[in-house]
Amino acid sequence: MNAPAQIIPINPAASSLTHHAVNISELKAQVNLIQYVMRDVMKSGEHYGTIPGCGDKAVLLKPGAEKLMLTFRLANDVDVETIDLHLGHREYRIKVTLYSPAGQRLGTGVGSCSTMESKYRFRVGPVELTNKPVPREYWDLRKENPALAQEIIGGRGFSAKKDDSCNWKIARQGEKVEHDNPADFYNTCLKMAKKRGLVDAVLTSTAASDIFTQDIEEDPDLYGQTEHNGGNSAGTTSTTSGTSQGHKPDSTPSSHGAGPVSTSEIIGYLTAKGIRMELSADESEISAFPDFNDTSARQWLKDHGFKWDGKGKCWQYR
Numbered sequence: 125m126n127a128p129a130q131i132i133p134i135n136p137a138a139s140s141l142t143h144h145a146v147n148i149s150e151l152k153a154q155v156n157l158i159q160y161v162m163r164d165v166m167k168s169g170e171h172y173g174t175i176p177g178c179g180d181k182a183v184l185l186k187p188g189a190e191k192l193m194l195t196f197r198l199a200n201d202v203d204v205e206t207i208d209l210h211l212g213h214r215e216y217r218i219k220v221t222l223y224s225p226a227g228q229r230l231g232t233g234v235g236s237c238s239t240m241e242s243k244y245r246f247r248v249g250p251v252e253l254t255n256k257p258v259p260r261e262y263w264d265l266r267k268e269n270p271a272l273a274q275e276i277i278g279g280r281g282f283s284a285k286k287d288d289s290c291n292w293k294i295a296r297q298g299e300k301v302e303h304d305n306p307a308d309f310y311n312t313c314l315k316m317a318k319k320r321g322l323v324d325a326v327l328t329s330t331a332a333s334d335i336f337t338q339d340i341e342e343d344p345d346l347y348g349q350t351e352h353n354g355g356n357s358a359g360t361t362s363t364t365s366g367t368s369q370g371h372k373p374d375s376t377p378s379s380h381g382a383g384p385v386s387t388s389e390i391i392g393y394l395t396a397k398g399i400r401m402e403l404s405a406d407e408s409e410i411s412a413f414p415d416f417n418d419t420s421a422r423q424w425l426k427d428h429g430f431k432w433d434g435k436g437k438c439w440q441y442r
């Protein structure tokens, strides 16, 4: 004879989502800690940065993700899936799971990378020098208006390069050809997939997506934006560390000698200080409303390009 079923009463409070919710003060403390780490420990271009053509929001890079892991003492577990493709190509799919110091699972991130991606599948052929000298207008415009400067020397696929006599000539970039051995990039793709999964996991587990975005990758070409450098071939773009050649960050030099500051840094500072702010729809303008007695905040705003708007009774940054 079967034993009677045991009925376990359910506590409505325990089954409610709010029962397991994080305390508001703890949530604020975590956000403030991330912003302080961003401002006081991380460096723009090394731990985070911006990608040309992809907006002003800070992009979290692998070194920055590792700093946040150290900050919260997170441990990670990596699961690798390898998929063999045709002609020796390979794809790696990575799942990264993060755990708290107490062993609690906090979140999972995923990332993939394949030797079929254009930057691993193809290489660029040799540069062919033309007999045309680089026009002076190119040098005058390449910093202020790189797109127009590029058109002057022939458009995409052309660059400025010295010949054997050290004279600047217009050079034509060679056509793309496939790499002979995809295995040369197996390890690179594996590391790249792991990096993508790690950044995704950190953003998910720390709820830092409102401060950072996922690493949008190293190649602005994928988003219709290319940087050109007079001494390099066309298509030179930002590197895996998040820096870029010729890219000028969205910043305003300080009249008091303070370093340039990005829009994300300004937002992080104002949020950490608890200063009310307003952003325009395209995030090109920031209005800050510090207390009159907060002299340090007002001085910081002045030092980093803010101007007093008497009509709006606020400090404005454009």
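In our numbering, each residue carries its 1-based index in the sequence shown increased by 124. All C-beta atoms, glycine included, are put in the ideal place defined by N, C-alpha and C. The structure displayed is predicted, hence computed values, not measured ones.
CB of residue i within 8 Å of CB of residue j, strictly
i	j	result
K300	V248	yes
K333	L230	According to the sequence as given, residue 333 is Ser; it is not Lys. No, Cβ-Cβ distance for S333 and L230 is not below 8 Å.
T174	R214	no
L322	G233	yes
T293	P257	Note on identity: in this sequence residue 293 is Lys, with Thr being the wrong assignment. Yes, Cβ-Cβ distance for K293 and P257 is below 8 Å.
L394	L184	no
I218	A317	yes
K161	L192	A small fix is needed here, since residue 161 is Val in this sequence, not Lys. In this structure, L192 lies closer than 8 Å to V161 by Cβ.
Proximal residues to residue i (C-beta, below 6 Å), its chain only, five neighbours per side dropped
i	result
N200	V220 and L222
F430	W439 and Y441
P414	I399, A421 and R422
K319	K186
N156	A396
T312	none
R266	A273
D203	K219
D304	none
T419	none
Pick from the options that is closest to residue i, judged by C-alpha positions
i	options	result
F282	G173, Q297 and A271	Q297
K186	S168, D203 and D180	S168
G91	D180, F196 and L253	Since the first residue shown for the chain is 125 and the last is 442, residue 91 is missing from the structure and cannot be characterised.
E409	I391, D415 and L272	I391
K315	A396, R163, V146 and S236	S236
F115	T419, E241, P225 and H143	Here the chain covers residues 125 to 442 and nothing more, so residue 115 does not appear.
K181	M401, L403, S411 and I335	I335
Y262	H144, E190 and K285	K285
E302	F246, C290 and D288	F246
I277	E268, D288, R260 and G434	R260
C290	K435, L192 and L253	L253
G434	V165, S411, D288 and H144	S411
E402	A325, K437 and T419	K437
A325	S404, E190 and T419	E190
A295	V146, N255, I148 and D264	N255
Sequence-distant residues of its chain with Cβ nearer than 8 Å to residue i (five each side left out)
i	result
L211	P306
A358	In this prediction, A358 has a pLDDT of 35, which is less than 50 and means its spatial position is unreliable; what the coordinates show is noted afterwards. Taken in chain order, the residues that qualify are Q274, R280, G281, F282, S283, Q297, T350 and H352.
I158	L192, T195, T330, A332 and I335
L425	A412, P414, W439 and Y441
R163	E389, G392, Y393 and A396
Residue range of the unbroken alpha helix (DSSP H) whose run includes residue i
i	result
R320	Y310 to T330
A307	Where A307 is concerned, there is no enclosing alpha helix (DSSP H), given that its DSSP letter is neither H nor E.
E275	P270 to I276
Limits of the unbroken beta strand (DSSP E) element including residue i
i	result
K426	K426 -> not in any beta strand (DSSP E); alpha helix (DSSP H) instead, spanning T419 to D427.
V161	Run containing V161: none in the beta strand (DSSP E); it sits in the alpha helix (DSSP H), I148 to D164.
P294	With the sequence shown as reference, residue 294 is identified as Ile, and Pro is not the correct amino acid for it. Unbroken beta strand (DSSP E) run through I294: W292 to R296.
A412	I410 to F413
A284	F282 to K286
K431	K431 to D433
E402	R400 to L403
Contacts around residue i, its chain only, beta-carbon distance under 7 Å, and the 5 residues preceding and following it disregarded
i	result
A382	Its pLDDT being 46, under 50, A382 is placed unreliably in this model, and the coordinates cannot settle the point.
V206	First, the residue type needs correcting, since residue 206 is Thr and not Val in the sequence shown. Once the five neighbours on either side are set aside, the close Cβ partners of T206 are R214 and Y216.
P225	R197
G355	Because the pLDDT at G355 is just 38, under 50, the model does not fix this residue reliably, and the value given afterwards should be weighed accordingly. So the list is empty, once near-sequence residues are dropped.
V165	K191
Below-8 Å beta-carbon distance, residue i vs any chain B residue
i	result
G233	No chain B appears in the structure shown, which is made up of a single protein chain.
Entirely enclosed alpha helix (DSSP H) segments - the stretch 182 to 261, minimum 4 residues:
186 to 195 and 242 to 245
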